[in-house]
Each structure stands twice: as structure tokens, then as C-alpha cells.
Amino acid sequence: MKVAILLALIIASVLLYLRFSKRSAAKSIEKILTYGPFTIKAVATTSTAYNMNYGKVKQTNIAYSIFYEGQPIRFPGRLETNTGLPFLWKVYALPGAPSPSLIAGSQSLYLIYVKDKTVVVEPLVAQGSDFASLQFLDSEKEQPGPFREVFMENDPAEMETLDQLEGGRFLMISEHAVLDVQTREIKGFNTQNQSLGNYSFPSPHGALAFSPDQTSLVFHAEFQSWNAQDADLPETEHGLVVYNFLNDDGYVVPHNDTETRMINVQNIDIEWINTFFEWKQDKRGKLQLQLRQLEKTPPWKGTYDPRDHYYTLYPVKPGMLPVFLNFVLSQMGWSKANILEDKTGEYTGRTLVLASGELKLDINFKEDEQKLSFSKHLYAETSPEYINLVKKIASAFDHELSAGKHQEHFGRIISLTRQIRGIN
Numbered sequence: 005m006k007v008a009i010l011l012a013l014i015i016a017s018v019l020l021y022l023r024f025s026k027r028s029a030a031k032s033i034e035k036i037l038t039y040g041p042f043t044i045k046a047v048a049t050t051s052t053a054y055n056m057n058y059g060k061v062k063q064t065n066i067a068y069s070i071f072y073e074g075q076p077i078r079f080p081g082r083l084e085t086n087t088g089l090p091f092l093w094k095v096y097a098l099p100g101a102p103s104p105s106l107i108a109g110s111q112s113l114y115l116i117y118v119k120d121k122t123v124v125v126e127p128l129v130a131q132g133s134d135f136a137s138l139q140f141l142d143s144e145k146e147q148p149g150p151f152r153e154v155f156m157e158n159d160p161a162e163m164e165t166l167d168q169l170e171g172g173r174f175l176m177i178s179e180h181a182v183l184d185v186q187t188r189e190i191k192g193f194n195t196q197n198q199s200l201g202n203y204s205f206p207s208p209h210g211a212l213a214f215s216p217d218q219t220s221l222v223f224h225a226e227f228q229s230w231n232a233q234d235a236d237l238p239e240t241e242h243g244l245v246v247y248n249f250l251n252d253d254g255y256v257v258p259h260n261d262t263e264t265r266m267i268n269v270q271n272i273d274i275e276w277i278n279t280f281f282e283w284k285q286d287k288r289g290k291l292q293l294q295l296r297q298l299e300k301t302p303p304w305k306g307t308y309d310p311r312d313h314y315y316t317l318y319p320v321k322p323g324m325l326p327v328f329l330n331f332v333l334s335q336m337g338w339s340k341a342n343i344l345e346d347k348t349g350e351y352t353g354r355t356l357v358l359a360s361g362e363l364k365l366d367i368n369f370k371e372d373e374q375k376l377s378f379s380k381h382l383y384a385e386t387s388p389e390y391i392n393l394v395k396k397i398a399s400a401f402d403h404e405l406s407a408g409k410h411q412e413h414f415g416r417i418i419s420l421t422r423q424i425r426g427i428n
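Numbering (my numbering), first residue to last: 5 to 428.
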């Protein structure tokens, strides 16, 4: 009897396994694309996988393969080494090349074209610690365009067309090589990812500017404080690295965050660079990037973040709080009677809640961080009314700041390392 029951359980388990296997069997969609003499096949495979957070989930991987005259193109090195996804992730067309050319790879990238009826597969960069990346250096009025990382696709709709890399001539590959699309010449630079003048770069990713003579890239850089004594620490630890990719060398242009109004490295753009830096010829006639000698430093302004709808003033002294509070009350037509709460917490700083009926606004000031923020009340639901109101008041206060008002209430930016070490 026990044997019969055990046998029945085994049979039931096998049937359930077979039934589940059919349900979770991989399903594939195939798409054939052509570019010049190349045939590109994309295969999207969807299967069921187990996720610790969500249980059984559907997972789609898209693998590419490239053929020339019916034969698959082989790569001279591994496409990746550590993801468990060893197939070809992406294929890009290069319309600006002298003949049909492709860039393909995963975490290592290769240039592919035909010469004398033979396929040429040239390594662009080998896999590093980050994902492979692409950025034109001259696609935005001769300045760098968007920085993009190379990821595996997972939406079959992305297979319908072949991505094209166009809009510029000089294409930076993984921040360690530059491809001249017009000539297909490849120049590697800083391949060992070494720091320069004790500054590591790029931080964050991507080139910020391209020299007028198209020889040098400008990166944001961070001073390596871990190996510096207190006496050697700069007041602010940011700088620009100018790197000549043709000569494979560069130099650092340190700058003071306070003097350059650099409150967030993520906000650095070409307008900021053109405001505080300029290219000048040295005695040898070579272009050098240097700080501008400004007659008057641009006024401090606030920052409105459209992601969380906060308006922030930084770095500010305590005197900014009553000034901004009175400004908000005036804008709203309120008085100090509309201050519903005024609390100070050890970690939260001082928070004032302004209210009229159901409408509530927060002003928060953290003196140790030199930061004042303004937003809807923390527990109020986000709505178009709140968003527009905060933006309107932020814009109005920025208008006053731009006119030179309230500048005496701004302080100076001190590096986090100096703050931690207690150095002012």
C-alpha cells in the first residue's frame, strides 16, 4: 500500500513538472535586418524565471548575431566576462563611415566593416569595471552630446530597427578611446584609468566639453582625499581634467566651488564651463583651458528640482531663513499667523509649516549643511496646484537673486572631507 501511494506521488510530481515545463518553456521571436553587406539577426527569448521578491516572472533576453555572405562574424575576444549573458547585446550602424560599418558588442565593443571583400573586426575597447559607453564629442554644436551606456535589450519592439550612431564625427568609446567615424581611425587614451595630479576622472561619467581644435576632452574630476594630509586638502575637491586623446596626456584645472557657483556636479553643463572657463593659446600656440578672470562673479541662485519639486538654496547662512520666510509669506499674502508649526530636530534641522486651510507649505533649514529647502508639506499629496505654486515662488525668488539681492546671506562651499576632518 505504501509503495502504491509513493508511486502515485512520484507520477503526480512528474506530471506537474512536465506541465510547468511546458508553461515555462522559452518562446522566441526572430527578426532579420540588413545594413550594407551585413545581415543582422535578432532573437528575443522569453522564459519564466524565479525572482526572490516577486516569485515567477517573465524574462526576455535579446541576442544578436551578424553575418557576412551567409557566414557568422566571429569576435577576436570575449564580449563579456561576468554577467552570465555571453551573447551579443547590441549592434549599431555608423552612417558617417566611408563604407557600411557597425559597432557591436556587450561590455567589450568592436568596429566591423569590409575591406577587400574581407570582414575586419577591430577591438575598440576591452571590458572594464563599468558598462561600455558611447558619446559623440561634437554632435551638439561641436560639443559633446548625450552619454549612453550599452545595455542588453529586453523589449522585442527594439528589434524592429537598427540603432544608428550619427550626428557627429568623433565618437568616444567607454571613455578610453576616440573613433574618427569618417576615417575609422581609433585612438586609445588613458587605457590604464590612471588619475592625473591626484584627481580621478571622469566623475561623473561623460565628457563635458571638446576643445575647439578637436584634440582634447574635458572631464569633471575629484581630488583623491584619501591619500592627502590635512595641509594638502583643497577647500573644494573638484577640478576639470583636460585630456589630449591624440597625445595621450593631460592636465588638471582646479577650481573653487564657491567662486564657480558649482553646487552640484550633476548640474555641470557647457553653459557653466563657458561661464567660468575659456580656451586660450599658450606661448607655443597650443590651446589651454583656464579659469576666466571675471570682473564680477555671477550671483548665487536657487535650484528647483522637477523630480521631487523641491526648491533649494545652498550654501546659505542662518540669516537667509527669515528673509526667505518673509518672502514666501508676502508672495502668499499671509502673515506670521500662518506659521502653523516651528520645530527644530537634531537631525532634521528647523522646519516651519505654513498653512491656510488645507494648503500647507514647508520651509526647512539645516544650518550644519548650509541648506534651505522649500516644498509642499511633507504629508500633503502632490498635485498640479502645489507643483505650480512652489515653481512660481522659486522663480520669483530666483528673479530677486539674479538682480543681486540677498547675496550677503550665502556662505562658501567646503568639501565634505574637510567637514569630516573638522577643517574650516
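Where a beta carbon is used, it is the ideal one built from N, C-alpha and C, also for glycine.
What residue range does the alpha helix (DSSP H) around residue i cover?
i, result
"Trp276", "Ile274 to Phe280"
"Gln335", "Met324 to Met336"
Taking 8 Å as the threshold (C-beta atoms), are residue j and residue i in contact?
i, j, result
"Arg173", "Val182", "no"
"Phe205", "Val245", "yes"
"Ile44", "Tyr68", "yes"
"Ile190", "Glu126", "yes"
"His381", "Asp402", "no"
"Glu371", "Leu356", "no"
"Phe42", "Leu106", "yes"
"Gln139", "Ala213", "no"
For the candidate residues the options, whose alpha-carbon lies nearest to that of residue i?
i, options, result
"Pro104", "Asp402, Thr38 and Leu221", "Thr38"
"Asp312", "Val332, His413, Val394 and Asn202", "Val394"
"His410", "Thr165, Thr386 and Gly323", "Gly323"
"Gln131", "Lys119, Lys121 and Tyr114", "Tyr114"
"Thr279", "Thr301, Ala211 and Asp286", "Thr301"
"Gln297", "Gly306, Tyr315 and Lys284", "Lys284"
"Met163", "Trp93, Ser112 and Leu325", "Trp93"
"Leu98", "Phe331, Tyr117, Leu358 and Ser112", "Tyr117"
"Ile272", "Pro238, Gln233 and Gly210", "Gly210"
"Ser387", "Glu144, Gly408, Phe369 and Leu363", "Leu363"
"Ser379", "Ile418, Phe328, Thr421 and Arg416", "Phe328"
Determine the extent of the beta strand (DSSP E) in which residue i is found, giving its start and end residues.
i, result
"Gln131", "Looking at the DSSP string, Gln131 is not in any beta strand (DSSP E), and its letter there is neither H nor E."
"Gln292", "Leu291 to Leu295"
"Leu420", "Leu420 -> not in any beta strand (DSSP E); alpha helix (DSSP H) instead, spanning Leu420 to Arg425."
"Asn248", "His242 to Asn248"
"Val222", "Ser220 to Phe227"
"Leu376", "Lys375 to Lys380"
"Ala359", "Gly353 to Ser360"
"Gln139", "Ser137 to Phe140"
"Met176", "Phe174 to Ile177"
"Gly349", "Ile343 to Gly349"
"Glu189", "Glu189 to Gly192"
"Asp253", "Asp253 to Pro258"
"Ile107", "Ser105 to Gly109"
"Thr38", "Lys31 to Tyr39"
"Asn368", "Leu363 to Lys370"
"Ala97", "Lys94 to Ala97"
Which one or two residues does DSSP pair with residue i in a beta bridge?
i, result
"Ile397", "Beta-bridge pairing links Ile397 to no other residue."
"Asp309", "Tyr314"
"Gln147", "Glu144"
"Leu152", "In the sequence as presented, Leu is not what sits at residue 152; that position holds Arg. According to DSSP, Arg152 bridges with Leu138."
"Pro76", "Phe71"
"Ile66", "Ala48"
"Glu126", "Leu115"
"Leu183", "Leu175 and Ile190"
"Tyr203", "Leu200 and Phe227"
Between residue i and residue j, which are expected to be in contact by the criterion C-beta below 8 Å, what is the C-beta distance as a whole number of angstroms?
i, j, result
"Gln228", "Asn197", "Their Cβ separation, rounded to whole angstroms, is 13 Å, which puts Gln228 and Asn197 out of contact at 8 Å."
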